[in-house]
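2 protein chains.
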Amino acid sequence: MKSRFHQNLTPAGEVLTELMLETFRLNGRLLAAGDRLVAPLGLTSARWQILGAIALAGNAQPVAHIARDMGLARQSVQRVVDELAREKLVAFADNPHHRRAKLVALTEHGAAAYRDAIAAHAGWSNALAEDLSAEEIGRALVVLTTLREKLERAHAAQARARKTSLVRAVRARREKISDEPASTPEGST
Amino acid sequence: MKSRFHQNLTPAGEVLTELMLETFRLNGRLLAAGDRLVAPLGLTSARWQILGAIALAGNAQPVAHIARDMGLARQSVQRVVDELAREKLVAFADNPHHRRAKLVALTEHGAAAYRDAIAAHAGWSNALAEDLSAEEIGRALVVLTTLREKLERAHAAQARARKTSLVRAVRARREKISDEPASTPEGST
DNA sequence: GCATGAACGACAGCGTGCTGTCAATATCGG
DNA sequence: CCGATATTGACAGCACGCTGTCGTTCATGC
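So the sequence lines, in the order shown, correspond to chains A and B.
If you're matching positions, the first sequence starts at 1 in the numbering used here and goes up one per residue.
If you're matching positions, the second sequence starts at 1001 in the numbering used here and goes up one per residue.
1. Please check if any C-beta of chain B sits within less than 8 Å of the C-beta of ALA146 (chain A).
2. Apart from the five residues just before and just after SER1003 (chain B), which ones in its own chain have a Cβ nearer than 8 Å to its Cβ?
3. Of all the CB atoms in chain A, is at least one closer than 8 Å to the CB of GLY1110 (chain B)?
4. Can you name the residues of chain B whose CB is closer than 7 Å to the CB of ILE66 (chain A)?
5. Between VAL1143 (chain B) and chain A, is there a C-beta pair that is closer than 8 Å?
6. Would you mind telling me which residues of chain A sit closer than 8 Å to ALA1012 (chain B), beta carbon to beta carbon, in chain order?
7. So, with DSSP's three-state summary, where would you put LEU21 (chain A)?
8. Applying a beta-carbon distance threshold of less than 9 Å, which residues of chain A neighbour LEU1151 (chain B)?
9. If we ignore side chains and look at the alpha-carbon of each, how far apart do ALA55 (chain A) and SER133 (chain A) end up?
10. What first and last residue would you give for the alpha helix (DSSP H) that runs through GLY1103 (chain B)?
11. Taking VAL15 (chain A) as the query, report the chain B residues whose CB atoms sit under 7 Å from its CB, ordered along the chain.
12. With DSSP as the reference, identify every bridge partner of ALA1093 (chain B), one or two as the case may be.
13. What does LEU51 (chain A) reach in chain B if we use C-beta pairs closer than 7 Å?
14. Please identify, using Cβ separations under 7 Å, the residues of the segment 88-107 of chain A that lie next to chain B, in order along the chain.
15. Strictly under 8 Å for the Cβ-Cβ distance: is ALA39 (chain A) near chain B by that measure?
16. Between which two residues does the alpha helix (DSSP H) harbouring GLN75 (chain A) extend?
17. Under 8 Å: do the segment 136-150 of chain A and the segment 1138-1145 of chain B share three or more Cβ pairs, one atom per stretch?
18. Does the CB of THR23 (chain A) have a neighbour CB from chain B at under 8 Å?
19. Beta-carbon of GLY58 (chain A) versus every beta-carbon of chain B: anything under 8 Å?
20. For LEU72 (chain A) versus THR1023 (chain B), is the C-beta spacing smaller than 8 Å?
21. Please state the DSSP three-state secondary structure of GLN1158 (chain B).
22. Please work out which residues of its chain come closer than 7 Å, Cβ to Cβ, to THR17 (chain A), disregarding the five sequence neighbours upstream and downstream, and give them in chain order.
23. So, at 6 Å on beta carbons, what are the nonlocal neighbours of ALA67 (chain A) in its own chain, with the 5 sequence-adjacent residues on each side left out?
24. When the Cα atoms are used, what is the spatial distance from SER1125 (chain B) to ARG79 (chain A)?
25. Have a look at ARG86 (chain A) and THR107 (chain A) and give me their C-alpha separation to the nearest angstrom.
26. Going along the chain, which residues of its own chain have a beta-carbon closer than 8 Å to the beta-carbon of LEU43 (chain A), five neighbours each way excluded?
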């Protein structure tokens, strides 16, 4: 089995490597096309995705929730939300549960912009999907989701392991420190 | 048919929209995991992808060719290649076909770094692909490739149409200008 | 009530993609 | 050969993702 990349790759690992490269390429193309699609509305892909996440959430949420729903870092979403707020596409409201973390909601202006964007997207997406059936796209979606979830689980497990070993190191260090003073005054060494 | 996004979406357009969002998420997760994987080698995802593209090309190429192969803008690749050159992972060689566009090749140091990276990737990719067959990953790859190619064709067609209409406007303007001086001296108007 | 840990926004910096511009170079057609 | 066009590297700026840090706020357990 001749691998394009490395002899240790399994057949599945080999085609997965190709899928990764294709994901990077498709990601760039989708962003570029999305940017062009919503540019006449004064939006970018990132901005209208955030408008979409707010709209789909159904009710106002703090930035950190929006970010979690989107699978992005909080600060990334915060930055764009602040810009959207400056342009009056979203507005902040008090959060009864947290004095600091305001709730973010679409303004009328923002809701209209999102409606325009999603309407343009619908026609474009329908045309793009023309050569493929919903079933095969759905199967591809399952593969991508499976991979992403597996990556997220592995990362979370690593973070827990790293934290646990850090806690163990700190505890070992604390016990060692508390042992040494006690041992020294008694002169048992 | 109740759409999560917009009532005009076809079933295929609907699931494609979900696939797009999943692509963005998977892209971020793959980059993050890739960065972690090659960090001990002093590399990042972007850097080792470029090392890989150079290695897979088989012979030294100018930056613009590498970029075209990767589906990226030339300047993006140039920037990283210049960094890799500073760190002695790649080197420039004269190009007999173009005095300005040097050829880029891996150094011994760069080839060793790439070997280490791809070996680490192989184990990791095999494990990630464990829950999926090569066949289903391959089918997903076909879907992604189909979409990407369609996006690229649509963009190229738009660029040609934009250029053609610009050329027509310039020609119409030139003919109008050249007509007016000729008409005026002959006094036919 | 108090201490601790987690979550959150603000601030900061960085990597990486993009587009645009300009000068150098190559290619092609008249 | 010359002019027009395309390609290329260098330069520049920007959007957008990330991580880290710090102070504020909340939740939990003792």
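Even glycine gets a Cβ: it sits at the ideal position worked out from N, Cα and C.
If you're wondering where the values come from, they're calculated on a predicted model, not measured in any experiment.
According to the data block:
1. Mapped onto the first sequence, residue 146 (chain A) falls at position 146. The amino acid at residue 146 (chain A) is misidentified as Ala; the sequence shows Thr. So yes, THR146 (chain A) belongs to the interface.
2. Here the question's residue 1003 (chain B) lines up with position 3 in the second sequence. Taken in chain order, the residues that qualify are LEU1009, GLU1014.
3. Counted from its first residue, the second sequence places residue 1110 (chain B) at position 110. No - not a single Cβ of chain A is within 8 Å of the one on GLY1110 (chain B).
4. Indexing the first sequence from 1 puts residue 66 (chain A) at position 66. Those within 7 Å of ILE66 (chain A) in chain B number zero; the least Cβ separation is about 14 Å.
5. Taking the second sequence and counting its residues from 1, one reaches residue 1143 (chain B) at position 143. It does; some Cβ of chain A falls within 8 Å.
6. Translated into positions along the second sequence, residue 1012 (chain B) becomes position 12. Under the 8 Å cutoff, chain A gives ASN126, ALA129, GLU130, LEU132, SER133, ALA134, ILE137.
7. Locating residue 21 (chain A) in the first sequence gives position 21, where the first residue counts as 1. Looking at LEU21 (chain A) - three-state DSSP - the assignment turns out to be helix.
8. Working through the second sequence from its first residue, we reach residue 1151 (chain B) at position 151. Result: LEU26, ARG29, LEU30, ALA32, ALA33, LEU128.
9. As a first step, residue 55 (chain A) is located in the first sequence; it is residue number 55 there, counting from the start. As a first step, residue 133 (chain A) is located in the first sequence; it is residue number 133 there, counting from the start. Rounded to the nearest angstrom, the two C-alpha atoms are 28 Å apart.
10. By one-based count along the second sequence, residue 1103 (chain B) stands at place 103. Note on residue identity: the sequence assigns Leu, not Gly, to residue 1103 (chain B). From DSSP, LEU1103 (chain B) is part of no alpha helix (DSSP H) but of the beta strand (DSSP E) over 1103-1106.
11. On the first sequence, position 15 is the one that residue 15 (chain A) refers to. Those within 7 Å of VAL15 (chain A) in chain B are ALA1134, ILE1137, GLY1138, LEU1141.
12. For the purposes of this step, residue 1093 (chain B) is taken as the residue at position 93 of the second sequence. Answer by DSSP bridge pairing, in chain order: B:LEU1103.
13. Locating residue 51 (chain A) in the first sequence gives position 51, counting from the first residue. Ordered by position in chain B, no residue passes the 7 Å Cβ test against LEU51 (chain A), which lies about 12 Å from the chain.
14. none
15. Walking along the first sequence from the start, residue 39 (chain A) turns up at place 39. Closer than 8 Å: no.
16. Residue 75 (chain A) sits at position 75 when you count from the first residue of the first sequence. Element bounds for GLN75 (chain A): 74-86.
17. yes
18. As a working note, residue 23 (chain A) is residue 23 in the first sequence. At least one chain B Cβ lies under 8 Å of THR23 (chain A).
19. Taking the first residue of the first sequence as 1, we reach residue 58 (chain A) at position 58. So no, GLY58 (chain A) is outside the interface.
20. Taking the first residue of the first sequence as position 1, residue 72 (chain A) is located at position 72. Taking the first residue of the second sequence as position 1, residue 1023 (chain B) is located at position 23. Not closer than 8 Å, so no.
21. Locating residue 1158 (chain B) in the second sequence gives position 158, counting from the first residue. Correct three-state label for GLN1158 (chain B): helix.
22. The count along the first sequence starts at 1 and reaches residue 17 (chain A) at position 17. Closer than 7 Å at the Cβ level, and outside the excluded window around THR17 (chain A), lie PHE5, LEU9.
23. Stepping through the first sequence from its first residue, residue 67 (chain A) is reached at position 67. Only ARG74, VAL77 meet the Cβ criterion.
24. Along the second sequence, read from residue 1 onward, the residue named residue 1125 (chain B) stands at position 125. Along the first sequence, read from residue 1 onward, the residue named residue 79 (chain A) stands at position 79. Between SER1125 (chain B) and ARG79 (chain A), the C-alpha separation is close to 33 Å.
25. Position 86 of the first sequence, counted from the first residue, corresponds to residue 86 (chain A). Position 107 of the first sequence, counted from the first residue, corresponds to residue 107 (chain A). Looking at the two C-alpha atoms, the distance is approximately 12 Å.
26. The residue given as residue 43 (chain A) occupies position 43 in the first sequence. Cβ within range, chain order: LEU51, ALA113, ALA117.
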